[in-house]
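Report on one structure; see the data block that follows.
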Amino acid sequence: MLAEDRLQTIVNLVNEHGSMTANELMERLDASESTVRRDLTRLAQMGRIVKVHGGATAVARTVVASDQSVNERHGVNTEAKTAIARRAASLIGPDDFVYIDSGSTTERLVDFITETHATYLTNSIANAHALLVKGCRVLVPAGELKQVTEALVGEQTVEVLRHYRFTIGFFGTNGATPDEGFTTPETGEAVVKSIALSRTLRPFVLCDSSKFSVVSPVAFADFDDATVITESIPPELADAANIICAAVGQDGR
């Protein structure tokens with residue numbers, strides 16, 4: 012059995028049964044103890060299983076199938092979102108063409124933006140207005156305004172985004188796992204996120220730690236397609252190369 016096939020088989024078995032011992036995996040895979048333990052270590056580093064003494068358990072996941080309004084999300088994990096937003100804002104330079112997604116964390120990002128010489132495009136009406144008040148140059152695509160998230164979506168939005176190339180972009184997500192990637196509940200927003208991210212040279216996903224191991228119905232990017240900014244890195248992702256930790260300070264920053 013090829014190494015990648017063996018790894019996927021281990022993940023499937025662990026997810027199916029909830030947990031597997033190393034001995035059980037050795038028997039099912041007809042592999043040596045050293046091979047199985049090496050595979051478990053690698054999968055744990057990838058965040059695909061949780062390595063425990065004597066074997067592995069499945070990564071706990073929560074399925075989020077519906078959107079909350081931006082107002083509902085404003086009061087959730089505020090310290091984490093503040094730390095993430097502050098770190099993200101520091102990455103913007105005067106010559107950047109910046110894409111900013113809709114969402115409560117990206118709204119917090121806009122609060123911390125001080126770079127008024129960059130050009131911004133956002134599909135969020137709230138973000139567009141806040142940037143305009145700061146004196147920034149703001150572009151807004153066409154499209155249908157989604158009531159729950161106040162985001163512009165649809166074919167017109169996608170068509171506009173196809174014509175741009177962003178130097179840096181910031182995206183919200185409802186869920187993030189190495190297996191399923193970045194996910195969101197609704198197809199319309201997923202398509203917009205996917206197109207915008209693919210048109211961005213340096214994409215960042217703003218993801219507080221409560222969203223790790225959460226899976227929503229529609230994926231908009233693979234986990235390694237962007238750099239994640241979070242306030243706390245879970246142990247199973249400690250070795251991931253594409254995560255920036257913006258730790259919450261004593262003053263909430």
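According to my numbering, the residues represented by the sequence shown are 12 to 264, in order. Glycine included, each C-beta is placed from N, C-alpha and C at the ideal position. Quick caveat: nothing in here was measured; it's all calculated off a predicted structure.
Residue 240 and residue 215 have their C-alpha atoms spaced approximately 7 angstroms apart.
With a cut-off of 8 angstroms on Cβ pairs, the stretch 215-232 is in contact with the stretch 195-204, counting three or more such pairs. Rounded to the nearest whole angstrom, the C-alpha separation of residue 99 and residue 41 is 47 angstroms. Between residue 118 and residue 138, the C-beta spacing is below 8 angstroms.
Assignment of residue 53 by DSSP, reduced to helix, strand and coil, places it in the helix class.
Looking at the DSSP output, residue 214 sits in a beta bridge with 180.
Runs of the beta strand (DSSP E) lying entirely within the stretch 128-158, each at least 3 residues long, are 130-133 and 148-150 in chain order. Contact annotation: residue 146 and residue 168 have beta-carbon atoms that are not nearer than 8 angstroms. Boundaries of the alpha helix (DSSP H) around residue 37: 33-40. Taking the C-beta atoms as reference points, residue 175 is found nearer than 8 angstroms to residue 210. Counting along the chain, the unbroken alpha helix (DSSP H) around residue 95 starts and ends at 89-100. Contact between residue 183 and residue 217 holds, since their C-beta atoms are separated by about 6 angstroms, short of 8 angstroms. Membership of residue 187 in the beta strand (DSSP E) is indicated by the continuous run 186-188.
If you look at residue 204, you'll find it in the alpha helix (DSSP H) that goes 198-209.
About 6 angstroms separates the Cβ atoms of residue 33 and residue 48, confirming a contact at the 8 angstroms cut-off. Burial check for residue 45: the Cβ neighbour count within 10 Å stays below 16, so the residue is exposed.
According to the DSSP assignment, residue 111 belongs to the beta strand (DSSP E) that extends over 108-111.
Per DSSP, reduced to three states, the secondary structure at residue 230 is strand. Burial is judged here by how many other beta carbons sit within 10 angstroms of a residue's own beta carbon; residue 66 has at least 16 and is buried.
Following the DSSP letters along the chain, one finds residue 193 inside the beta strand (DSSP E) bounded by residues 192-195. A residue is called buried once 16 or more other Cβ atoms fall within 10 Å of its Cβ, and residue 13, having fewer, is exposed.
When only Cα atoms are considered, residue 130 and residue 58 end up about 36 angstroms apart. A residue is called buried once 16 or more other Cβ atoms fall within 10 Å of its Cβ, and residue 104, having fewer, is exposed. Looking at 22, 207, 92 and 107, the one whose alpha-carbon comes closest to that of residue 237 is 207.
The beta carbon of residue 30 lies closer than 8 angstroms to those of 63, 66, 67, 68 and 69 in the same chain, with the five residues before and after it left out.
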